[in-house]
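Participant:
Residue numbers (my numbering): 6 to 413.
1) Once the 5 residues before and after residue 231 are set aside, which same chain residues still bring their CB inside 6 Å of it?
2) Pick from 129, 241 and 317: whose alpha carbon is nearest that of residue 213?
3) Thinking just about the alpha-carbon of each residue, which of 58, 81, 162 and 69 is nearest to the one in residue 19?
4) Since residue 156 contacts residue 179 with CB under 8 Å, what's their CB separation in whole angstroms?
5) With respect to the alpha helix (DSSP H) encompassing residue 324, which residues constitute its N-terminal and C-terminal limits?
6) Considering only the alpha carbon of each residue, which of 389, 177, 191 and 373 lies closest to residue 382?
7) For residue 119, which three-state DSSP category applies?
8) Could you spell out the range, first to last residue, of the alpha helix (DSSP H) harbouring residue 195?
9) Closest by CA to residue 64, which one among 41, 36, 27 and 91?
10) Rounding to the nearest angstrom, what Cα-Cα distance links residue 43 and residue 128 in this structure?
11) Cα separation between residue 16 and residue 366?
12) Could you give the first and the last residue of the continuous alpha helix (DSSP H) run that contains residue 34?
13) Count the other C-beta atoms from every protein chain shown that fall within 10 angstroms of the C-beta of residue 384, then say buried if there are 16 or more, exposed otherwise.
14) Is residue 165 helix, strand or coil by DSSP?
15) Tell me whether residue 217 is buried or exposed, calling it buried when 16 or more other Cβ atoms sit within 10 Å of its Cβ.
16) Under 8 Å, with one C-beta from each stretch per pair, do the region 399-410 and the region 279-299 reach the 3-pair mark?
17) Cutting at 7 Å between CB atoms, please list the residues of its own chain near residue 71, excluding the five before and the five after it.
18) Could you give the C-beta distance for residue 355 and residue 364, rounded to a whole number, given that I count them as a contact under 8 Å?
19) With a threshold of 8 Å, are at least 3 pairs of Cβ atoms found where one atom belongs to the region 71-90 and the other to the region 330-342?
20) Can you grab the Cα-Cα spacing for the pair residue 106 / residue 187, in whole Å?
21) Residue range of the alpha helix (DSSP H) that residue 220 falls in?
22) Do residue 380 and residue 369 have their C-beta atoms closer together than 8 Å?
23) Take residue 347 as the anchor and find which of 224, 182 and 170 has the nearest alpha-carbon.
24) By alpha-carbon positions, which one of 38, 206 and 12 ends up nearest to residue 393?
25) With H, G and I counted as helix, E and B as strand and the rest as coil, what does DSSP make of residue 429?
26) Going along the chain, which residues of its own chain have a beta-carbon closer than 6 Å to the beta-carbon of residue 205, five neighbours each way excluded?
27) Would you decide whether residue 191 is buried or exposed? Buried here means 16 or more other CB atoms lie within 10 Å of its CB.
28) Excluding the five sequence neighbours on either side, which residues of its own chain have a C-beta within less than 8 Å of the C-beta of residue 135, listed in chain order?
29) Since residue 74 sits in a beta bridge, which residues does DSSP pair it with?
30) Roughly how many angstroms separate the alpha carbons of residue 387 and residue 312, rounded to a whole number?
31) I'd like to check one pair, residue 91 with residue 158: are the Cβ atoms closer than 8 Å?
32) Leaving out the 5 sequence neighbours to the left and right, which residues in its chain are closer than 6 Å to residue 323 when beta-carbon positions are compared?
33) Quick one: using the 10 Å Cβ neighbour count with 16 as the cut-off for buried, is residue 169 buried or exposed?
34) Reducing DSSP to helix, strand and coil, say where residue 61 ends up.
35) Quick one: residues in its chain with C-beta nearer than 7 Å to the C-beta of residue 194, no 5 flanking neighbours on either side, listed in chain order?
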């Protein structure tokens with residue numbers, strides 16, 4: 006087999022505007038990382054800056070790889086890639102590389118890789134193949150069973166690493182791709198209802214009201230009494246079993262969820278990150294304090310400021326105006342990519358675009374949400390901006406996958 010059997014370099018078909026916006030965000034990231042790793046009374050440390058530059062180089066390689074790989078190759082070898090991805094996720098469990106109580110990384114000496122990040126491409130490719138096959142009708146309830154199994158295995162493995170944030174990203178990718186495939190909203194409701202039931206189970210009145218809503222929706226939309234009763238009972242069981250799930254997760258994860266609801270419950274512990282982040286965002290005001298002038302970051306009050314909380318650093322230094330500009334770039338890029346999906350030449354191409362775009366959108370939503378205190382701290386960085394080689398390569402890879410779907 007020849008190189009051209011697997012790859013097709015079509016640089017003339019790249020959407021230039023999208024690529025420019027990606028590089029603008031990456032440039033903003035370098036500036037923010039430089040600022041976030043510069044402290045008052047300490048020498049300038051460019052270690053993180055140059056490592057991020059190296060990550061950009063790796064990201065470009067990943068972009069070219071995912072952009073140029075032939076769709077025929079992805080369709081033919083999707084299952085093989087899926088098995089390889091699962092194998093990589095299992096490696097940290099087999100050979101202990103535990104870091105901070107989790108098994109997420111493979112240590113290769115000079116650098117580490119996070120298999121769950123690269124699984125995002127593979128999951129998108131696999132789901133795109135599932136949803137583009139014409140032999141199954143989206144109106145059939147069983148249409149979702151195989152793709153749901155494809156989602157469930159890596160999600161379960163990542164969940165027990167534990168990495169709740171990445172598990173959530175996987176689920177969001179699946180849900181949006183499922184909706185885009187033409188699947189009935191009623192069936193999507195049935196899939197999502199148990200997750201809402203788990204949240205409702207913490208309050209008896211909310212659980213009761215939600216149970217009534219579920220019963221009404223199920224019995225109105227399905228005349229099959231046995232099926233409707235089964236779905237309703239399954240939701241009730243999920244609610245009843247939720248306390249057991251709650252006790253199964255790590256204490257620090259429980260604390261993060263409780264802190265999300267009220268950060269001041271533990272202001273010097275789990276709530277410290279959120280409180281300091283909110284202070285940084287608020288102190289930036291309308292116009293910001295200026296580059297390298299942020300007190301929360303440069304006096305080291307803000308934790309993980311070059312990775313998870315880099316949004317707070319930018320908010321303090323660039324203010325409301327600067328953050329609005331950055332969010333506008335994100336919104337423009339995301340909407341442009343979703344629009345590409347609407348004009349894609351095949352269902353498989355459209356699904357690649359939707360999956361890649363949704364993955365990045367989920368990260369933006371989670372990161373911004375946790376920095377302002379609306380979501381629990383899950384350790385999800387900001388696409389193209391936060392420090393991190395594996396994640397930066399993932400972002401560029403997702404951009405390449407989107408561009409691949411848009412090309413002929």
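We treat Cβ as the ideally placed atom computed from N, Cα and C, and that holds for glycine.
Facilitator: So, from the data block:
1) none
2) 241
3) 69
4) 5 Å
5) 315-347
6) 373
7) coil
8) 190-205
9) 27
10) 38 Å
11) 25 Å
12) 21-41
13) buried
14) coil
15) exposed
16) no
17) 126, 402, 405, 406 and 409
18) Between residue 364 and residue 355 the Cβ distance is about 15 Å, and since that is not below 8 Å, they are no contact.
19) no
20) Confidence at residue 106 is low in this model, with a pLDDT of 48, below 50, so its placement is unreliable and the value that follows should be read with caution. One C-alpha to the other measures close to 41 Å.
21) 209-226
22) no
23) 182
24) 38
25) Residue 429 is absent from the model: the chain starts at 6 and stops at 413.
26) 211, 212 and 215
27) exposed
28) 151, 152 and 155
29) 12
30) 8 Å
31) yes
32) 293
33) buried
34) helix
35) 222
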